[in-house]
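If you read the sequence shown in the working numbering, its first letter stands for residue 194, the second for the next number, and so on.
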Amino acid sequence: MLHCLLVVTALLSAQRPETGFLDRTITVGSGRYHYQVYIPADYASKASWPAILFLHGAGERGDDGLVQTNVGLGPAIRQNPSRYPAIVVFPQVPRDSQWVGTPGDMAVAALQQTMREFHVDPSRVYLTGLSMGGHGTWYVAYRHPELFAAIVPICGWVREFPQFRGSVPVVPGDSASIMPNLVQRLGKLPIWIFHGEVDQVVNVNGSREPAATLKAAGADVHYTELLGLNHNAWDAAYASEEFRNWLFAQQRH
């Protein structure tokens, strides 16, 4: 009898999916990258889940595959998991890298690998990031608008940012074509932009300009300028119930 109970327990454990923050790796080109995937505790209760790709800021660069969950969306989930009923992918770029070129490709590859491994609803995949990851959100969305039901850049920028070494504009080409091309590429994608009013790291105009341009073109864009907040506007953004309700209502058709 004891042997039977042990066998049943082992089988149940084997069938129970892993949940929480899980370590994963992916190879892109010649590089091998660590990333995290968050799986809700009640993952087994639903046939499919929305997914969020989260792009961290400059302070979380590295190769440990962990620190990128310590700022932004990771703490919001840990504080109250019920606020984010989604599978969340947390890639990490190496030191001295940004979400452009190969790192951007790696982020998309990590998302796609997660979609193959877990039950993700492909019509409800979202992209967000903060600071350098806000820039990365624009960059990745511009190249893969078909993947996402909505994007949420926080404290990001679109044009060249000379103070940030190695920064490139989101849109290739001359300065005059950046905003028209952004509208052409992303004008049909639901977007919610956040920025701190008194951001001393990334000037608020980095979000004001694309928000105004997209609105003038009739795009589905929300812009929230958080009064009195400096660069750390993401905690307030990710804590917003109005924002979360909006996000999870977006669906790609």
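Where is the CB? At the ideal position from N, CA and C, for every residue including glycine.
query, result
"Where Leu246 sits in the DSSP three-state scheme", "strand"
"C-alpha gap between Ala300 and Met325, whole angstroms", "14 Å"
"6 Å CB neighbourhood of Ile386 in its chain, flanking five on each side removed", "Pro346, Ser400, Ala404 and Tyr416"
"Contained beta strand (DSSP E) runs [length at least 3] in the segment 318-355, N- to C-terminal order", "343-347"
"Pairwise C-alpha distance: Ala430 and Gly329", "17 Å"
"Residue from Gln261, Phe341 and Val391 whose Cα sits closest to the Cα of Leu382", "Phe341"
"Sequence-distant residues of its chain with Cβ nearer than 8 Å to Leu407 (five each side left out)", "Leu375, Val376, Leu379, Gly380, Ile384 and Val414"
"Cα-Cα separation between Tyr231 and Leu419, rounded to whole angstroms", "28 Å"
"Inter-stretch contact at 8 Å, needing at least 3 Cβ pairs: the segment 253-260 / the segment 271-286", "yes"
"Reduced DSSP category for Thr220 - H, G, I as helix; E, B as strand; rest coil", "strand"
"Best match in Ser368, His388, Gly322 and Glu402 for proximity to His249 [C-alpha to C-alpha]", "Gly322"
"N-terminal and C-terminal residue of the beta strand (DSSP E) that Phe387 is part of", "Ile384 to Gly389"
"Contact under 7 Å by Cβ, Ala426 with Cys348", "yes"
"Stretch-stretch touch, CB-based, cutoff 8 Å, three pairs: the segment 389-400 with the segment 435-443", "no"
"Sub-7 Å separation of Gly297 and Val333 beta-carbons", "yes"
"Closer than 6 Å: Leu422 CB and nearest the ligand MN heavy atom", "With respect to the ligand MN, the structure offers nothing, as it holds no ligand at all."
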